[in-house]
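Asker:
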Amino acid sequence: MNKPVPVKLHVHASAGEYLAPSNRNRNPSPRWFENYSPEHWHGQHLSTYISGQTTIELPSGDVYLKITKGFEVKPIRRKFHITRETVLIAIELEKVLHWREEGWVTADTHVHFLAPATAMLEGLPRA
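Residue numbers for the sequence shown, in our numbering: 539 to 665.
1. Given 8 Å as the limit, is there contact between the region 595-602 and the region 619-626, that is, 3 or more CB pairs closer than that?
2. Can you tell which of Asn-561, Thr-592, Trp-642 has its C-alpha closest to the C-alpha of Glu-610?
3. Relative to the alpha-carbon of Asn-540, which residue among Ala-657, Glu-632, His-636 has its alpha-carbon at the smallest distance?
4. If you run the structure through DSSP and keep just helix, strand and coil, what is Ala-551?
5. What whole-angstrom Cβ distance do Lys-546 and Lys-607 have, given they're in contact under 8 Å?
6. To test your reading of the DSSP string, which unbroken beta strand (DSSP E) runs of 3 or more residues are found completely within the region 564-638?
7. Kindly identify the DSSP beta-bridge partner or partners of Lys-546.
8. Is the beta carbon of Lys-645 sitting closer than 8 Å to the one on Pro-597?
9. In terms of alpha-carbon separation, which member of Glu-577, Arg-564, Ile-614, Pro-559 lies closest to Gln-591?
10. Tell me which same chain residues have a C-beta within less than 7 Å of the C-beta of Trp-637, skipping the five on either side of it?
11. Using C-beta distances below 8 Å, list every residue in its chain close to Pro-544, excluding the 5 sequence neighbours before and after it, in chain order.
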């Protein structure tokens with residue numbers, strides 16, 4: 539995969555604080571449908587959906603990153619040591635299951651409330 543693709547992203551610093559992209563809410567409400575942004579709570583774990591590229595103001599020191607993208611792509615968990623010289627972190631995804639090439643599509647169609655920002659990333663029409 540050589541071009542930016544949408545993924546679910548979680549980034550936190552060494553003390554465990556969630557580090558949101560610059561254009562997102564760092565402390566979104568955990569209640570249903572109170573946010574109109576693509577943040578996602580899973581228990582106490584907060585993630586966001588990005589289009590493939592994002593900007594995050596990272597503190598110096600260790601930062602932990604988790605990226606997922608469906609069943610076909612290998613999940614990524616990495617630790618980075620951030621310094622003043624750190625400008626870019628590029629991650630290459632590894633496709634481990636080639637179902638689409640064999641005529642299959644992996645999808646999750648179970649949706650209760652889909653916020654407009656999330657629908658855009660899903661490629662669904664907006665109201």
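Heads up, the beta-carbon is just placed ideally off N, CA and C, and yes, glycines get one too.
Answerer: Taking the structure as given:
1. Taking a cut-off of 8 Å on C-beta distances, the region 595-602 touches the region 619-626, as three or more cross pairs fall below it.
2. Closest option to Glu-610, Cα to Cα, is Trp-642.
3. Nearest of Ala-657, Glu-632, His-636 to Asn-540, Cα basis: Glu-632.
4. When secondary structure is reduced to three states using DSSP, Ala-551 falls in the strand class.
5. About 7 Å; that satisfies the 8 Å criterion.
6. For the region 564-638, whole beta strand (DSSP E) runs of length 3 or above, ordered along the chain, are 577-580, 583-588, 599-606, 614-620.
7. Answer is Tyr-587, Thr-606.
8. What sits at residue 645 in the sequence shown is Ala, not Lys. With respect to Pro-597, Ala-645 sits apart: the two C-beta atoms are not nearer than 8 Å.
9. Selected option, being the one with the closest Cα: Pro-559.
10. Here the set comprises Glu-610, Thr-644.
11. Within the same chain, Pro-544 has close Cβ partners Tyr-587, Ile-588, Ser-589, Gly-590, Lys-607, Leu-659.
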